[in-house]
Amino acid sequence: MLNKKINAIFIAVACILCGSIALAAESTTIKIIPPKLGIGAFFAGEDITLSGSLPSDGDIIIEVIGPQENAKFNIKGRVGPFWMNRAKVVLQNVPFLYVLLLPGEKKWEQLLPSLELGVQHLKQDIRISPESLDREIIFEQFNQLKRSEHLYLQKENTIHYSTANQGGKIFTATFHFPSSTAPGEYRIAATILQADRIVKRSVHPFQVEEVGVIKTIHELAYHQELIYGILCVVIALFVGAVMGLVFVRAAAH
Amino acid sequence: MWHIYLPIAQHSVLLPVIIGLGFLVGLLSGLFGVGGGFLMTPLLIMIGIPPTVAAASDSNQIVAASASGTYAHYRLGNVDFKMGIYLLIGGVLGGTGGVQIIKVLRQLGNADFLIQITYVVMLGVVGSYMFVESLQSLRSAKRVDTTPAKQKQSVYARLIGCLPSQTRFNRSGIVLSPVVPLVLGGVVGILAAIMGVGGGFIMVPIMVYLLRMPMHVVVGTSLFQILFTCINVTIMQAYSNRTVDFVLALLLLVGSTIGAQVGAKLSKRLKADQLKIFLASIVLIVMVKMLVGLLLHPHFLLSYYGGD
Chain A
46 MLNKKINAIF
56 IAVACILCGS
66 IALAAESTTI
76 KIIPPKLGIG
86 AFFAGEDITL
96 SGSLPSDGDI
106 IIEVIGPQEN
116 AKFNIKGRVG
126 PFWMNRAKVV
136 LQNVPFLYVL
146 LLPGEKKWEQ
156 LLPSLELGVQ
166 HLKQDIRISP
176 ESLDREIIFE
186 QFNQLKRSEH
196 LYLQKENTIH
206 YSTANQGGKI
216 FTATFHFPSS
226 TAPGEYRIAA
236 TILQADRIVK
246 RSVHPFQVEE
256 VGVIKTIHEL
266 AYHQELIYGI
276 LCVVIALFVG
286 AVMGLVFVRA
296 AAH
Chain B
22 MWHIYLPIAQ
32 HSVLLPVIIG
42 LGFLVGLLSG
52 LFGVGGGFLM
62 TPLLIMIGIP
72 PTVAAASDSN
82 QIVAASASGT
92 YAHYRLGNVD
102 FKMGIYLLIG
112 GVLGGTGGVQ
122 IIKVLRQLGN
132 ADFLIQITYV
142 VMLGVVGSYM
152 FVESLQSLRS
162 AKRVDTTPAK
172 QKQSVYARLI
182 GCLPSQTRFN
192 RSGIVLSPVV
202 PLVLGGVVGI
212 LAAIMGVGGG
222 FIMVPIMVYL
232 LRMPMHVVVG
242 TSLFQILFTC
252 INVTIMQAYS
262 NRTVDFVLAL
272 LLLVGSTIGA
282 QVGAKLSKRL
292 KADQLKIFLA
302 SIVLIVMVKM
312 LVGLLLHPHF
322 LLSYYGGD
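Residue numbers (this note's numbering), protein chains in the order written: chain A, 46 to 298; chain B, 22 to 329.
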């Protein structure tokens, strides 16, 4: 009798959980405007807007993750009275940019470690070479440097909710890609929570690419290096000569 | 509207800031005959340009500034082409040797330490010597001395007087063996390669104090030599490292070519000792800034590879 009751409770709980996941799964499509980012000659950073729907009791966390790279750094240390570059360090598999957008109302600092999200969680996936270096110190210094460039951020109160007409709720968030954004394949990861637990996570690719004259110059510099170098010199000489002539004529009048 | 994106630096910058920096360095170039790399590269790094891109693009813009400055000084009759070519040959040979020295030092480690200490020592010695000497010269010029002084020839003057193939350098009004500019050009080439700069701020004092060239000819001749050094560096950097940002260089050179012309005109109005004191002051300020940077605890213990 007792076993039957326990089984019934388990089945009921499982049904509730499955229902929630199904609901969440139906509503994790994120609308991203604009759908991709073009870096043109006058690019000064740009806003993207993210929106979608959620279960009424759900929360969403959005991660904007830049292309993975192996970042090389000098480490400064003391040599007598001087601070000098003393060693090199490579941080493998680090995102160029990592921004975590969070809604308000929760104590995220306590919650994020258990959700395995946030800047601090990145540390687990990063390989530091040489391995003899202090992982904690290196990562903290790396994090500080990236934060100073506005490339690693955790922003609370940046996701806003409103009630949807057909039940559930709608979220909207705006993220500003900084002017130092590098082109590449970015990812926008949406994690849906219910009762502070992850019920769904979806990752959306987001392309940031150079366009127009910026793309042409970049391709020339990387694929026709010698021609590019000679062109740089010829144009510089031409501009220098023209400016010289302009000034000579101006002085003559 | 005022922002522009740099395709190689992969960074957006404010247009007036870059053009203003170009003008400032162009002004120095026209005034003193220095490329300005020792000043421009740290300024570009400060506004967020990666160090390797800053150094390479700066060389590219110096091509325009020094071409414009050389032309302006040529019109004023201030370029000693003969001397410039000897210095250039020495500089190219010395620079090639300097690159090899740096390769060996990097393998041994501590190359960065040597580079920065060389900077501080060279800037300190050159700046202090120029400053004190020019100050003394300005003071003595104020006193009216009617008795002609008997000048004793220095050991250095006697030594270079003994060298073979004494040649007259008409524009500079001096007689010297070509060995002197070849050797001195070579020494500057080695130092410039180690320090990663054009070497104008070392070359100018060498021309003034060791080659005894008149200050106004020094400026034009130095620019002539820098022009060729920077053409070589720009092509090599673009080909080997892909670090020349043409958009950045173009913006800098718009400002620098105007600055170079203004500087060339200003240099005619200023006395030689005044010019030397200005240059010495700038050299000493950069030296102090570097020294403070070496002594104070850095804000970040990590810096991007290839940086300061």
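Backbone N, C-alpha and C define an ideal beta-carbon position, used for all residues, glycine too. All values derive from a computational prediction rather than experimental measurement.
Cross-strand partners of residue i (DSSP beta bridge)
i, result
"TYR143(A)", "ILE110(A), TYR197(A)"
"GLN137(A)", "ARG172(A)"
"ILE29(B)", "DSSP, once it has assigned bridges, lists no residue as partnering ILE29(B)."
"PRO148(A)", "ILE204(A)"
"GLY103(A)", "GLN239(A)"
"TRP128(A)", "ARG123(A)"
"SER324(B)", "ASN119(A)"
"HIS24(B)", "LEU35(B)"
Burial state of residue i, where buried means 16 or more other Cβ atoms lie within 10 Å
i, result
"GLN137(B)", "buried"
"GLU154(A)", "exposed"
"SER186(B)", "exposed"
"ARG263(B)", "buried"
"ASN99(B)", "buried"
"VAL153(B)", "exposed"
"PRO28(B)", "buried"
"VAL34(B)", "buried"
"GLY221(B)", "buried"
"LEU317(B)", "exposed"
"PHE245(B)", "buried"
"GLN282(B)", "buried"
"HIS32(B)", "buried"
"PRO199(B)", "buried"
"MET228(B)", "buried"
"LYS245(A)", "buried"
"VAL313(B)", "exposed"
"ALA69(A)", "Caution is warranted here: a pLDDT of 42 is assigned to ALA69(A), below 50, making its placement in the model unreliable, and the coordinate value is therefore given only provisionally. By the neighbour-count rule (16 or more Cβ atoms within 10 Å), ALA69(A) is buried."
"PRO169(B)", "Summary for PRO169(B): the model assigns pLDDT 47, below 50, so the residue's position carries little reliability; its value from the coordinates is reported in the next sentence. It counts as exposed."
"SER72(A)", "With a pLDDT of 46 at SER72(A), under the threshold of 50, the modelled position of that residue is not reliable, and the figure given next carries that caveat. Under this definition SER72(A) is a buried residue."
"THR139(B)", "exposed"
"GLY125(A)", "exposed"
"MET61(B)", "buried"
"ASN202(A)", "exposed"
"LEU184(B)", "exposed"
"ASN130(A)", "buried"
"MET311(B)", "buried"
"TYR177(B)", "exposed"
Chain C contact for residue i (CB, 8 Å cutoff)
i, result
"TYR273(A)", "The structure shown contains no chain C; the protein chains it does contain are A and B."
Span of the alpha helix (DSSP H), counted from its first residue to its last, around residue i
i, result
"GLY41(B)", "36 to 53"
"ASP92(A)", "Looking at the DSSP string, ASP92(A) is not in any alpha helix (DSSP H); the run it does join, the beta strand (DSSP E), is 91 to 99."
"LEU156(A)", "153 to 160"
"ILE227(B)", "Where ILE227(B) is concerned, there is no enclosing alpha helix (DSSP H), given that its DSSP letter is neither H nor E."
"HIS221(A)", "Element bounds for HIS221(A): not the alpha helix (DSSP H) but the beta strand (DSSP E), 214 to 222."
"ARG192(B)", "Premise fails: ARG192(B) is in no alpha helix (DSSP H) and is neither H nor E."
"LEU64(B)", "58 to 67"
"GLY163(A)", "No alpha helix (DSSP H) contains GLY163(A), which DSSP labels as neither H nor E."
"ASN330(B)", "The shown model of chain B, from 22 to 329, leaves out residue 330(B), and the question about it has no answer."
Residue i - containing beta strand (DSSP E), residue span
i, result
"ARG232(A)", "229 to 239"
"LEU180(B)", "LEU180(B) -> not in any beta strand (DSSP E); alpha helix (DSSP H) instead, spanning 176 to 182."
"ILE77(A)", "76 to 78"
"LEU82(A)", "82 to 84"
Residue i Cβ short of 7 Å to the ligand NAP heavy atom set
i, result
"ARG160(B)", "The model on display carries no ligand, and the ligand NAP is accordingly not part of it."
Q) In the region 173 to 209 of chain A, which residue ranges form an unbroken alpha helix (DSSP H) of at least 4 residues, counting only runs that do not cross its ends? A) 180 to 193
Q: Note down, one range per segment and in chain order, each beta strand (DSSP E) of at least 3 residues found wholly within the region 241 to 288 of chain A.
A: 242 to 255
**Q.** Three CB pairs or more closer than 8 Å across the region 223 to 240 of chain A and the region 98 to 109 of chain A
**A.** yes
Q.
Any contact between the region 84 to 102 of chain B and the region 221 to 238 of chain B? By contact I mean 3 or more CB pairs, one from each, below 8 Å.
A. yes
Q. Would the region 72 to 79 of chain B and the region 299 to 318 of chain B be scored as touching if the rule is three or more Cβ pairs under 8 Å?
A. no
Q: Report yes or no: do the region 149 to 167 of chain A and the region 207 to 222 of chain A share at least 3 C-beta pairs separated by less than 8 Å?
A: no
Q. Taking contact to mean at least 3 C-beta pairs separated by less than 8 Å, is the region 133 to 147 of chain A in contact with the region 177 to 195 of chain A?
A. yes
Q.
Is it the case that the region 249 to 268 of chain A contacts the region 79 to 97 of chain A, given that we only count it when at least three CB pairs across the two stretches are under 8 Å?
A. yes
(Q) I want to know whether the region 204 to 211 of chain B touches the region 112 to 120 of chain B - three or more CB-CB distances under 8 Å. (A) yes
Q: Count the CB pairs spanning the region 259 to 279 of chain A and the region 213 to 227 of chain A that are closer than 8 Å, and state whether there are at least three.
A: no
Q) If you scan the region 242 to 298 of chain B from start to end, which runs of the beta strand (DSSP E) of 3 or more residues do you find wholly inside it? A) none
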